[in-house]
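Offset between the sequence shown (1-based) and our numbering: plus 187. Note that beta-carbon positions come from the ideal geometry of N, C-alpha and C, so glycine has one too. A quick note: this is a predicted structure, and the numbers were derived from the prediction, not measured. What follows is one structure encoded as structure tokens, with my remarks underneath.
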Amino acid sequence: MKNRKKTAPPALECTRWSGVLEENNIWKEYPRPAMVRDSYWNLNGTWDYRISTDSGIPPAYDGTILVPFSPESPLSGVKRQLLPGEYLWYRRHLTLPCDRKGKRVILHFGAVDQECVVYLNGREAGSHAGGYLPFSLDITEYAGDDNELLVRVQDFSDSSYFSRGKQKLEKGGMFYTAQSGIWQTVWLELVPENHIVSVRFTPDYDAACCHILVKALGSSSARIRCGIRPETEEDARRRDDPSLPAASCVPSDTFFLTPGKEYTLPLPDFTAWTPENPFLYHADLDLEEDHVECYFAMRKCDIQTDASGLRRIFLNNAPYMQTGVLDQGYWPDGLYTAPCDEAFLFDIRSMKELGFNMIRKHIKIEPQRWYYHCDRLGMLVWQDMVCGGTSYRHWFVTYMATLFNALHWSVNDGKQSRSLLSRREEEGQKLFYSETRDTIEALYNHPSIVCWVPFNEGWGQFDALKAADFIRILDPGRLIDHASGWFDQKGGDLCSLHYYFFSLKFTPEPVRALALTEFGGYSWKIPGHSYSEKLYGYGKYDSRQALTEGYRKLLTSTILPAVEKGISATIYTQLSDVEEEVNGLYTYDREILKPDKETVIQLNRAMKDIVNRTGAV
């Protein structure tokens, strides 16, 4: 008998949530919980799609796609990769209320990867470039009662200098399936001619106040009424569904704002936000006929000197050990798009149950709801900017950089290194600054975010000191990890170490704090819960007992002594497996916790106890 060629098992393509999704009930939760209006039309669900090399409006379509899942994902129903040079077209019909006189029609996209043009009733209504950030279009002048909405998308993935994160057309190892198109909620709202555009809250913990800045469109003479009180369970439910009745609580503070002028709200007896007590303040704002509901929190995160003389991260003026995990934000069924809101909650709550109090969102920007859940559940967030640039030279940014790090050799990231760090193009550099500004603006109000990370391991890194100064001007109230990993330029607030190979060596610094921003990555591939036969990770194990012992040994022999010597934050790689990378605490489908739960809890507690014992001021 001839030897039959072995075929690879089918890729893992589902989670516990995949089978219960209904196409008319996809991501129906309100997508912007930090600023809620009761005017809300969700446009997720079944759309027509076409993939072709023709940039013109198609005469026919290939089939249907489930929005907001990218065509590459199993949940989309398409499972086809969009290539550079191809166009992905979306079409759906929508009916607007006939009685909308005096209202503006605003069309919102959570994110579309990478470039898109939007047409309404055959007319171009707007466009957007960049695959990770929300954008809005005023489509009032293009809209009728019954409308045809078209979206044309191009995605160059890793074939250009655009931001792309961990996406790669030829996936493998630490890089994953490239996805494209609409991957966050599409929605509509009607707003009055005079309406609130944005609200910005800046807490000043030491001065016991919060600065509030409101931007509005319309009459410049109109004043905004603002009421402040503690957030309630009714408020939280309205952030999921704004059609529910509003809470009847009486504001504890009421005042008036002038649009465009910052107002300082005294809060002499405020309640601080911490992961252990994520206290939120509710804000009701009224501008004539426009009403929005927001929230903010009072917290401070900075670098101070502890009682033992070490520079450490402080939270609310007390040393606070941040025990975190790296989170890529990938799912086997939805790729960049979690299958549902419950999946977000599972990830965050599971990490809290293990004793982690921080998540590093790794070179990806999530929908606003993910950050909202971190705000209300109490999870600190380190937010990476999305990396880009041309093809990475891994012989330099991975292998040589690891060796340089072990030898304590520094590499300058100025002009002479840009070709090696893949950021030569001036257009790509300008794009980095533009998207950094937009990322901070989009996520500014989330109290959970305590650190910005502009560069990771040299991927598209350039002038990190200048980037840190740029971020500091935009947001002086958060920490900056200016170069996570190998290419430290001695800037920002943190000496940021990655530890996978060699030995962990460091020296406490007089200004910056020490942070172990990636370590571990221990692998255990579990049949039936793994994506492929290939395995990528750092340290391989074949059972829960062996993995747990390896994890325990790593923490007790290396990490706990490092915390004693000044490490102020730790980030374990990683929350879950991702495709070939099987080094997660959970399997890719989130079904199995690999290490022993109690061991992880005890070791997280031990790290916190060290800082509480030695660092208390």
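Reference residue i; option with closest CA among the options
i, options, result
"Asp456", "Phe443, Asn464, Met485", "Met485"
"Asp428", "Arg219, Phe619, Asp656, Asn643", "Arg219"
"Leu594", "Phe674, Phe442, His280, Val437", "Phe674"
"Ser597", "Ala756, Asp514, Cys682, Asp656", "Cys682"
"Tyr759", "Gly753, Arg777, Asp776, Arg739", "Arg739"
"Pro321", "Ile238, Asp489, Met794, Arg556", "Arg556"
"Ile713", "Gly309, Ala434, Leu772", "Leu772"
"Thr327", "Ile552, Lys353, Ile293, Leu253", "Ile293"
"Asp342", "Thr240, Thr492, Arg237, Gly272", "Gly272"
"Glu376", "Leu742, Gly360, Cys303, Pro284", "Pro284"
"Leu567", "Gly601, Pro465, Pro453, Glu614", "Pro465"
"Asp225", "Asp473, Gly352, Leu607, Leu336", "Asp473"
"Phe657", "Val637, Thr623, Ile636, Ser690", "Thr623"
"Phe362", "Gly516, Asp493, Asp471", "Gly516"
"Leu269", "Gln603, Asn334, Asp345", "Asp345"
"Tyr468", "Met538, Pro446, Pro390, Lys781", "Pro390"
"Asn599", "Lys653, Ile244, Gly360", "Lys653"
"Trp276", "His398, Leu502, Met572, Glu302", "Glu302"
Buried versus exposed, by CB contacts within 10 Å (16 or more), residue i
i, result
"Glu709", "The question names Glu, but residue 709 in the sequence shown is Tyr. Tyr709 is buried by the Cβ-count criterion."
"His586", "In the sequence as presented, His is not what sits at residue 586; that position holds Tyr. Under this definition Tyr586 is an exposed residue."
"Pro506", "buried"
"Trp646", "buried"
"Gln648", "buried"
"Ala247", "exposed"
"Ser257", "buried"
"Ser763", "buried"
"Ala221", "buried"
"His280", "exposed"
"Ala803", "exposed"
"Arg665", "buried"
"Trp370", "buried"
"Val765", "buried"
"Arg410", "exposed"
"Asp393", "exposed"
"Glu449", "exposed"
"Asp650", "buried"
"Val437", "exposed"
"Gln676", "buried"
"Val637", "buried"
"Lys617", "exposed"
"Arg287", "exposed"
"Ala195", "Only weak support is given to the placement of Ala195: the predicted model assigns it a pLDDT of 44, under 50, and the value that follows is read from those uncertain coordinates. Per the 10 Å Cβ criterion, exposed."
"Lys781", "buried"
Continuous beta strand (DSSP E) stretch holding residue i: start and end
i, result
"Phe501", "498 to 502"
"Met545", "545 to 548"
"Ser323", "322 to 325"
"Glu311", "310 to 316"
"Leu377", "373 to 379"
"Lys402", "396 to 404"
"Ile213", "Note, Ile213: premise wrong, no beta strand (DSSP E); not H, not E."
"Ile244", "It is not in any beta strand (DSSP E) - Ile244 carries neither H nor E in the DSSP assignment."
"Thr389", "382 to 391"
"Tyr718", "Element bounds for Tyr718: n/a, residue is neither H nor E."
"Ser683", "681 to 686"
"Phe296", "290 to 296"
Element boundaries [alpha helix (DSSP H), containing residue i]
i, result
"Ser748", "What sits at residue 748 in the sequence shown is Pro, not Ser. Counting along the chain, the alpha helix (DSSP H) containing Pro748 begins and ends at 747 to 751."
"Arg777", "Element bounds for Arg777: n/a, residue is neither H nor E."
"Ala756", "Segment 754 to 760 is the beta strand (DSSP E) holding Ala756; no alpha helix (DSSP H) there."
"Arg203", "Run containing Arg203: none; DSSP gives neither H nor E here."
"Arg416", "That residue, Arg416, is in no alpha helix (DSSP H); its beta strand (DSSP E) goes 411 to 417."
"Ala654", "651 to 661"
"Ala733", "731 to 741"
"Phe531", "528 to 540"
"Arg426", "420 to 427"
Beta-bridge pairing of residue i - partner residues as DSSP gives them
i, result
"Cys488", "Leu502"
"Tyr236", "Gly250, Tyr277"
"Leu513", "Arg547"
"Ala330", "Answer is none; Ala330 lacks a bridge partner."
"Gln341", "Glu302"
"Val640", "Asp571"
"Phe709", "It should be pointed out that residue 709 corresponds to Tyr in this sequence rather than to Phe. Answer by DSSP bridge pairing: none, since Tyr709 is not bridged."
"Phe256", "Phe256 pairs with nothing; no bridge assigned."
"Asp225", "Beta-bridge pairing links Asp225 to no other residue."
Residue i beta carbon near the ligand FAD (any heavy atom closer than 7 Å)
i, result
"Gln676", "As far as ligands go, the structure on display features none, and thus does not contain the ligand FAD."
CB contact check: residue i to chain D, cutoff 8 Å
i, result
"Ser763", "Going by chain labels, chain D is absent from the structure shown, which holds only one protein chain."
### Task
Starting from the N-terminal side, write out each stretch of the beta strand (DSSP E) that is 3 residues or longer and does not extend beyond the segment 444 to 481.
450 to 453, 468 to 474
#### Entry: alpha helix (DSSP H) runs wholly inside the segment 550 to 637, at least 4 long, in chain order
555 to 564, 588 to 594, 613 to 630
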